[in-house]
Amino acid sequence: MRFDKDQDLKELLRSPQFNETDLSGKVMKRLYAGQSGKERFLVKYKVSVMVIAGMLLTASSGFAAVQYQSLKNKQGEVTYQVKPAKVAPVPQEEELQRWKISRDLGDKLLQEGSAAVFYVVAHNPNRQMDTRFKPVTFTDLSVLRSKLSGQPVVIADSLTGNYAFKSAKVSFKPVNMVNPPTAEEEAAMAEKLRKQAEASNQEYAMMPVELSNQLLHIETIYAQGKNEIAVTITKSKNEFTAYVDEKVDFTSEKVVVDGVEMIYTKYKGGNSMVWTAEIPGSTELYQYQIDDMSGQYLSKADMIEIAKLYLK
58 MRFDKDQDLK ELLRSPQFNE TDLSGKVMKR LYAGQSGKER FLVKYKVSVM
108 VIAGMLLTAS SGFAAVQYQS LKNKQGEVTY QVKPAKVAPV PQEEELQRWK
158 ISRDLGDKLL QEGSAAVFYV VAHNPNRQMD TRFKPVTFTD LSVLRSKLSG
208 QPVVIADSLT GNYAFKSAKV SFKPVNMVNP PTAEEEAAMA EKLRKQAEAS
258 NQEYAMMPVE LSNQLLHIET IYAQGKNEIA VTITKSKNEF TAYVDEKVDF
308 TSEKVVVDGV EMIYTKYKGG NSMVWTAEIP GSTELYQYQI DDMSGQYLSK
358 ADMIEIAKLY LK
């Protein structure tokens with residue numbers, strides 16, 4: 058699955074925005090991409106009956122025998138897996154165009170820490186809606202911890218190698234994702250917004266929705282000079298699947314840190330460490346991912362030491 062031929066799709070996948078759009082009858086919550094060095098990560102989170110966290114690595118040259126690693130919980134159930142990019146679900150062109158429009162509307166109209174349901178007239182033959190929301194940015198660690206009080210996540214003071222807290226972007230679930238409307242209610246809402254757009258002669262209509270106090274995603278940045286490390290925590294109901302392009306030079310291996318199985322990946326632009334954790338008293342999972350964003354400055358041993366901070 059190659060995206061380099063379609064500039065519009067590139068822009069869509071670079072958006073650090075969550076979506077609520079239909080893909081194979083399910084709800085896609087997130088299309089996101091970050092860039093580190095010459096390698097790109099395209100990360101998709103699909104939260105519904107199945108949860109997908111897709112990491113698509115692409116490179117201009119080189120080839121590696123992809124190692125399709127997976128992680129399991131204590132019951133032997135898969136919580137994280139890697140698959141070839143060629144089997145990743147491909148959204149229809151109409152869906153992609155609608156996502157792009159609603160993404161741009163969310164970027165333009167929403168304030169930080171707010172959410173809304175958008176109905177886009179164009180490229181919407183099935184009359185679907187997209188939920189868009191903006192994360193809240195924190196630069197004060199004490200304020201961040203206060204906001205996350207009661208959430209079972211660890212926020213480190215600093216990381217191995219004198220990396221200090223710089224900032225964090227936190228996304229909370231909109232209430233319509235916590236308590237989804239029925240199919241009838243959703244259809245009625247879509248029709249109401251469609252008529253609003255028609256009456257106002259606009260290409261869209263929107264309805265603000267509140268954010269719950271349930272954490273969905275947090276990306277925390279730690280810095281040492283110009284070098285940065287990102288620690289990302291994402292909540293989901295089911296397993297994560299990572300889709301990897303084979304045309305990239307990287308190595309991947311399982312490591313065990315304080316009894317927790319993790320996947321360590323080393324590639325041309327940096328390193329990453331991924332693992333999952335069950336949420337006490339819940340059937341949901343957290344996926345933790347550590348990314349060395351500045352290149353090969355951290356060794357596997359360094360990454361392991363950082364991971365240990367989140368296992369307390």
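Residues in the sequence shown are numbered consecutively from 58, following my numbering. Ideal placement from N, C-alpha and C gives every residue a C-beta, glycine not left out.
Straight-line gap, residue i to residue j (C-alpha atoms, nearest Å)
| i | j | result |
| --- | --- | --- |
| residue 244 | residue 185 | 8 Å |
| residue 304 | residue 142 | 10 Å |
| residue 5 | residue 261 | What the structure shows of the chain is the stretch from 58 to 369, and residue 5 is not part of that stretch, so it cannot be assessed. |
| residue 125 | residue 144 | 13 Å |
| residue 154 | residue 315 | 45 Å |
| residue 192 | residue 274 | 9 Å |
| residue 313 | residue 222 | 26 Å |
| residue 257 | residue 364 | 52 Å |
| residue 161 | residue 225 | 22 Å |
| residue 236 | residue 356 | 43 Å |
| residue 118 | residue 242 | Low confidence applies here, because residue 118 scores a pLDDT of 31, under 50, leaving its location unreliable; read the following figure in that light. Their backbone Cα atoms lie some 49 Å apart in a straight line. |
| residue 98 | residue 194 | The predicted position of residue 98 is uncertain, since its pLDDT is 31 and thus under 50; no value can be drawn from it. |
| residue 36 | residue 181 | Outside the shown range of the chain (58 to 369) lies residue 36, about which nothing can therefore be said. |
| residue 247 | residue 190 | 18 Å |
| residue 146 | residue 168 | 32 Å |
| residue 149 | residue 157 | 13 Å |
| residue 255 | residue 239 | 24 Å |
| residue 234 | residue 163 | 17 Å |
| residue 282 | residue 170 | 29 Å |
| residue 198 | residue 330 | 23 Å |
For residue i, three-class secondary structure by DSSP
| i | result |
| --- | --- |
| residue 290 | strand |
| residue 351 | coil |
| residue 189 | strand |
| residue 94 | For residue 94, the pLDDT reaches just 30, beneath the cut-off of 50, and the residue's location in the model is therefore unreliable, although a value from the coordinates is still provided. Residue 94 falls in the coil class under three-state DSSP. |
| residue 335 | strand |
| residue 177 | strand |
| residue 132 | coil |
| residue 147 | coil |
| residue 162 | helix |
| residue 116 | Confidence is the limiting factor: at residue 116 the pLDDT is only 32, short of 50, which leaves the residue's position unreliable, though a coordinate-based value still follows. DSSP places residue 116 in coil when its eight states are reduced to three. |
| residue 342 | strand |
| residue 138 | strand |
Which listed residue (the options) has its alpha carbon closest to that of residue i
| i | options | result |
| --- | --- | --- |
| residue 334 | 325, 344, 340 | 344 |
| residue 220 | 273, 182, 277 | 277 |
| residue 280 | 216, 155, 330 | 216 |
| residue 250 | 170, 188, 299, 203 | 188 |
| residue 140 | 369, 128, 149 | 128 |
| residue 131 | 171, 318, 351 | 318 |
| residue 307 | 326, 292, 294, 293 | 326 |
| residue 270 | 159, 178, 203 | 203 |
| residue 183 | 331, 310, 152 | 152 |
| residue 293 | 156, 171, 336 | 336 |
| residue 332 | 291, 352, 247 | 291 |
| residue 134 | 352, 178, 342, 283 | 342 |
| residue 354 | 172, 234, 328, 157 | 328 |
| residue 369 | 351, 352, 209 | 209 |
| residue 178 | 253, 240, 149, 170 | 253 |
| residue 227 | 196, 283, 214 | 196 |
| residue 362 | 264, 234, 213 | 213 |
| residue 159 | 240, 238, 255, 263 | 263 |
CB-CB length for residue i against residue j, believed under 8 Å
| i | j | result |
| --- | --- | --- |
| residue 218 | residue 359 | 6 Å |
| residue 229 | residue 166 | Not a contact, Cβ separation roughly 19 Å. |
| residue 346 | residue 289 | 5 Å |
| residue 211 | residue 366 | 7 Å |
| residue 137 | residue 296 | 6 Å |
| residue 232 | residue 266 | 6 Å |
| residue 310 | residue 324 | About 13 Å; that fails the 8 Å criterion. |
| residue 268 | residue 173 | Contact flag wrong, Cβ pair sits at about 11 Å. |
| residue 285 | residue 351 | 6 Å |
is_contact[residue i, chain B] using C-beta, thresh 8 Å
| i | result |
| --- | --- |
| residue 366 | No chain B appears in this structure, which consists of one protein chain only. |
Exercise. Return the chain-ordered ranges of every beta strand (DSSP E) run that is complete within the stretch 264-329 and spans a minimum of 3 residues.
Key: 268-281, 284-293, 297-301, 307-314, 317-324
Practice problem: For the stretch 195-261, list the beta strand (DSSP E) runs that are entirely contained and at least 3 residues long, ordered along the chain. | Solution: 220-231
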